[in-house]
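Report on one structure; see the data block that follows.
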Amino acid sequence: MADSNPLLSEINSAAESEPQVLHHKHPPSLDSRIELFIGDFGWAQFLQAFLVSFSWFFDAQQTFITVFTDAQPTWHCTQLNDPHNSCNSASNVCQLPQNSWAWDWPRHTSTISEWALQCSPSLVQGMPASAFFMGCLIGGLALATLADTSLGRKNMLFLTCLFMSLSTFLTAFSPNIWIYSILRFITGFGRATIGTSALVLSTELVGRRWRGQVGVIGYFCFTLGFLSLPAIAYTQRAHSWRTLYFCTSIPTFLYCIMVRFLVHESPRWLFVRGRKEEAIATLKHIAPINGISTKTPLTSSFFSNLSFEQETRNVDLYSAINVLAKRRWAFQRLSAVMAIGFGVGMVYYGMPLALGSLDFNLYLSVTFNGLSELPASLITLVFIAEMNRKTSLLVFTSLSGVFSIMSVLKGTHPIWTTLQIVFELVSFFSACSALNVLLIFTVELFPTCVRNSAVSMVRQAVVLGGVFSPMLAAAGRVNGGFLSYGVFGVVVGVFGLFVVCLQETRGRGICDTMDEEEYKQRDSCLYNAVAGDV
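Following this line, the structure appears as structure tokens:
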């Protein structure tokens, strides 16, 4: 029945059992042709997806590394037997004589103690983290379309990882807070599109049935990278903060070499860019690894009569963004997912940065936050095929908002210390789950010609939320957490409501061009109208 009615089967796989109600036929999709030759998922796709997604591991390290390198060190009083000494654990070190207290660890273990920033304004202390996120934001906007246009997914991933590794290495030689912040900005600028390129490259090679599951591999790698930080930081806690940058930059450089020689460019992107011969060569290399016979000759004619070819052949650097802005349906979708991303990003990046304001061990609290990403990724991986995207996002953002606000509550009983970290973990877990679903949702909402740009714009909205997080986290240490956890909760709850403006994409095939997406919407409306009449 699918052969006699291909349009309905493309709109909804369940429609294969429906009577034929439409009689016009569209050209075959690139998606179906690629799946026909190499299959929807095999060893070659899995290995490439895993290798590409592992870039998230190093991305996570640079995203949260300042939690430890810029941590507020603990201190102790040094003249306890002096009756005129007013030093105690509740004192403000900025109001004590310098010889009456000392750091618990050597000065070089944190940027705060090495550069004597303990009495500097919160804006100065949080400047490196804010500079990093600002670099991510500007880099994402400046580099957003390069993976869709001139560079491609693979080259973009390789260059951004290389740029991040080199700038991270140079950061270890920073002589002061100002140079340090500049180098953190450069690192953020360079790593801005790593996650986007990895997500799109890993999902474009597999069939639509597996895209959700493959997309979650990156989230697992990001979680592992997050978890590696407290382990590395704890083992190096008596050493200089610069050691953390050395330990994270060198493995990233080695990973870049692997990407350069082992990763293939997306054949879907190559076809869209008119580079058919390269795309065919890639498919011929993949098919035998998947155990698929290549006796059927694969030539350019095999991919003829596809509707995407003329639309995206001559694309300028920012044409993808222009197309998204000019098409009303695309602009509405992009605005909604970016609004959701802003709210989720404020919680996702802000929670770990604000952990220092809780009465809990920093290494354990960061570890617990990293571990909470594992069930979030696991739930998304296992249930993404059955999860309604809209409902899931609404539930996760609402939960994150409610429990973030509850993290502000305090009491005199010691149990409140435990409840605070529990509430914080539930909020962070919900934000992680919301982010996972949001990025997969965005991949499914936009066609190939602008998909990388759309995902990149959403990630920049997430990062924009992160730009404000260090300032709010610093302010929250003064007023008991209201300006951190309280604001986080309100923002993610309100901005999560924008999900009602989006259409559901579960079980729906992805398109390659803007026109194909519009055709699919019209056909869907026509099918619903005919079905209603029947």
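According to numbering that gives the first Met the number 0, the stretch in the sequence shown is residues 0 to 533, in order. Note that the Cβ used here is the ideal one computed from N, Cα and C, for glycine as well.
Runs of alpha helix (DSSP H) lying entirely within the region 489-519, each at least 4 residues, in chain order:
none
Within the region 128-191, note down every full alpha helix (DSSP H) run reaching 4 residues or more, in order along the chain.
151-170 and 176-190
Are A353 and S196 closer than 8 Å when you measure CB to CB?
no
Segments of 3+ residues assigned as beta strand (DSSP E) that fall wholly inside the region 72-124
74-76 and 100-102
Can you tell me which of V199, S334, T170 and I176 puts its alpha carbon nearest to the alpha carbon of I185?
T170
Would T127 be called buried (16 or more neighbouring beta carbons within 10 Å of its own) or exposed?
According to the sequence displayed, residue 127 carries Pro and not Thr. Flag for P127 reads buried.
Can you tell me whether S149 is buried or exposed, with buried defined as 16 or more other CB within 10 angstroms of its CB?
exposed
Buried or exposed for L253, going by 16 or more other Cβ atoms inside 10 Å?
exposed
With a floor of 4 residues, list each alpha helix (DSSP H) that falls wholly inside the region 357-445, ordered by position along the chain.
361-382, 388-405 and 414-444
Should V262 be listed as close to the ligand ATP, given that the test is whether its C-beta is under 7 Å from any heavy atom?
The ligand ATP is not part of this structure, which contains no ligands at all.
Using 8 Å as the threshold, is the C-beta distance between V491 and S399 below it?
yes
For V51, which option in V421, I414, L261 and L165 has the closest C-alpha, if you only look at C-alpha atoms?
L261
Measuring alpha carbon to alpha carbon, tell me which of L204, F427 and V457 ends up nearest L46.
L204
Below 6 Å CB to CB, which residues in the same chain sit around T379 once its five sequence neighbours on both sides are set aside?
V215 and N435
With 16 other CB atoms within 10 Å as the buried threshold, where does W240 fall?
buried
Alpha carbons only, please: which of V346, C255 and S109 is nearest the one belonging to F428?
V346
With a threshold of 16 other CB atoms inside 10 Å of the CB of T390, please say whether the residue is buried or exposed.
exposed
Given this structure, state the Cα-to-Cα distance separating I420 from V401, to the nearest angstrom.
14 Å
Of the residues I279, P250 and T251, which one's Cα is nearest the Cα of E264?
I279
Cβ neighbour criterion (16 or more within 10 Å) applied to R327:
exposed
Which residue comes first and which comes last in the alpha helix (DSSP H) that contains L269?
P266 to V271
Buried or exposed (CB count within 10 angstroms, at least 16 for buried), H22
For H22, the predicted structure reports a pLDDT of 42, less than 50, and the residue's modelled location is therefore unreliable. A value from the coordinates is still provided. Exposed is the call here.
Does the Cβ of G187 have 16 or more other Cβ atoms within 10 Å, making it buried, or fewer, making it exposed?
buried
Would you identify the three-state DSSP class for T65, choosing helix, strand or coil?
helix
Relative to the C-alpha of R388, which residue among E443, C118 and T234 is closest?
E443
CA nearest to the CA of L156, picked from A430, S112, L438 and T192:
T192
Cβ pair count under 8 Å reaching 3, the region 222-234 against the region 93-105
no
F382: buried (16+ other C-beta within 10 angstroms of its C-beta) or exposed?
exposed
Output the distance between the C-alpha atoms of V499 and Q331, rounded to the nearest integer angstrom.
12 Å
With distances taken between CB atoms, is the gap from L182 to F67 smaller than 8 Å?
no
How should A115 be labelled, buried or exposed, when 16 other C-beta atoms within 10 angstroms of its C-beta is the threshold for buried?
exposed
On the three-state DSSP scale, how would you describe L21?
Residue placement at L21 is flagged as unreliable, the pLDDT there being 39, under the threshold of 50; the coordinate-derived value follows with that caveat. Correct three-state label for L21: coil.
Closer than 8 Å, CB to CB, is T222 near chain C or not?
Absent here is chain C; the protein component of the structure consists of one chain.
Use the C-beta contact count for L363: other C-beta atoms within 10 angstroms, 16 or more gives buried, fewer gives exposed.
exposed
Taking F49 as part of the alpha helix (DSSP H), name the residues at either end of that continuous run.
W42 to S52
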